[in-house]
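Single-structure report; data block below.
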Amino acid sequence: MARLAGIDPSTPNLGSRVTNTTFSSPEYKRLKSEFVRLRTFQEAWIPAIKSGGFSRFALYDLKADPLQKKDISKQRPEVTNRLKKKLLTLYKDVMADAPDWKAE
Numbered sequence: 467m468a469r470l471a472g473i474d475p476s477t478p479n480l481g482s483r484v485t486n487t488t489f490s491s492p493e494y495k496r497l498k499s500e501f502v503r504l505r506t507f508q509e510a511w512i513p514a515i516k517s518g519g520f521s522r523f524a525l526y527d528l529k530a531d532p533l534q535k536k537d538i539s540k541q542r543p544e545v546t547n548r549l550k551k552k553l554l555t556l557y558k559d560v561m562a563d564a565p566d567w568k569a570e
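Taking this note's numbering, the leading residue of the sequence shown gets 467, the next gets one more, and so forth.
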């Protein structure tokens, strides 16, 4: 399909580029509003994620503190450091695969 469209098959985000569905489908819009409503999609973080603005880290016990009021990162530095390392690795991988996510 990509070759028929004249697009290099190794192009990042190929599916959405070929079908022109990047964040425009009705299903995306429905799911986005549901995620926002359920507080499972915290859109406010997108600009920080795009810019690599990771300078402060916090850790919360979501079972005991679902509203994320008490940062326990200093009490659990081993968990904080392990998760921080995973987050930064994941961020690097995502940014490498998603050139459309460059800072705006």
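Where a beta carbon is used, it is the ideal one built from N, C-alpha and C, also for glycine.
Simplified DSSP assignment, three categories, for residue i
i	result
D559	helix
K540	coil
K529	coil
A569	Confidence at A569 is low in this model, with a pLDDT of 48, below 50, so the placement of that residue is unreliable and no value is reported for it.
R548	helix
K516	helix
Rounded distance between the beta-carbons of residue j and residue i, thought under 8 Å
i	j	result
L554	R542	Wrong, their Cβ atoms sit about 18 Å apart, outside the cutoff.
CB contact flag (residue i, residue j, <8 Å)
i	j	result
S539	F520	no
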